[in-house]
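K.L.:
When we follow the UniProt record's numbering, the leftmost residue of the sequence shown carries the number 1, and every step to the right adds one.
Using N, Cα and C, we set each Cβ at its ideal position, and we do this for glycine too.
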Amino acid sequence: MYEVVSGFGSWARYWAVLRRAVVHFWKYPDDEAANRPALAYMDLTKCTDRKIKPAAFEVCSRPHAFSVDLLIPTSSSVVEKKRVLLSADTKDQCVAWIDAINETLDILRG
1 MYEVVSGFGS WARYWAVLRR AVVHFWKYPD DEAANRPALA YMDLTKCTDR
51 KIKPAAFEVC SRPHAFSVDL LIPTSSSVVE KKRVLLSADT KDQCVAWIDA
101 INETLDILRG
């Protein structure tokens, strides 16, 4: 996952699991197995993309990357659009994630 901390961007590695339209992120697979709370999550019901696809090079030069655009409430009356950039270790994993997210979006949108 691409993160911006103190104005500087960098990639951080997480273990991710898609469960009930939410992608949960832990630092390590053992954290999930030990039922520790996720460090972050991405609620796909907030996704604004019609379909997820591999990120264009202009958006992200990292291999096997894709993005998910979300509408995130920042207060009771304000919603902000956020882009989450993700990257898988392999092309096959990237395709599997994109397919799983798109299938979830299809189910959510009926």
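Relative to the C-alpha of Ala88, which candidate in Val22, Pro73, Ala55 and Asp30 has its C-alpha closest?
P.N.:
Checking every option, the nearest Cα to that of Ala88 belongs to Ala55.
K.L.:
So, for Glu3: in the same chain, excluding its five sequence neighbours on each side, which residues have a beta-carbon less than 6 Å away from its beta-carbon?
P.N.:
For Glu3, where only same-chain residues beyond five positions count, the Cβ hits under 6 Å are Ala12.
K.L.:
Could you have a look at Ile72 and say whether DSSP puts it in helix, strand or coil?
P.N.:
Of the three classes helix, strand and coil, the one that applies to Ile72 here is strand, per DSSP.
K.L.:
Which whole-angstrom value describes the C-beta separation of Asp26 and Leu18, a residue pair presumed to lie in contact below a C-beta threshold of 8 Å?
P.N.:
One point to set straight first is that residue 26 is Trp, not Asp, in the sequence displayed. The Cβ separation is near 13 Å, so there is no contact.
K.L.:
If you count every other CB in all the chains shown that lies within 10 Å of the CB of Ala65, and 16 or more means buried, which is it?
P.N.:
Label assigned to Ala65: buried.
K.L.:
Counting C-beta neighbours from all protein chains within 10 Å, is the total for Val68 16 or more, i.e. buried, or is it exposed?
P.N.:
Buried, by the Cβ-count rule.
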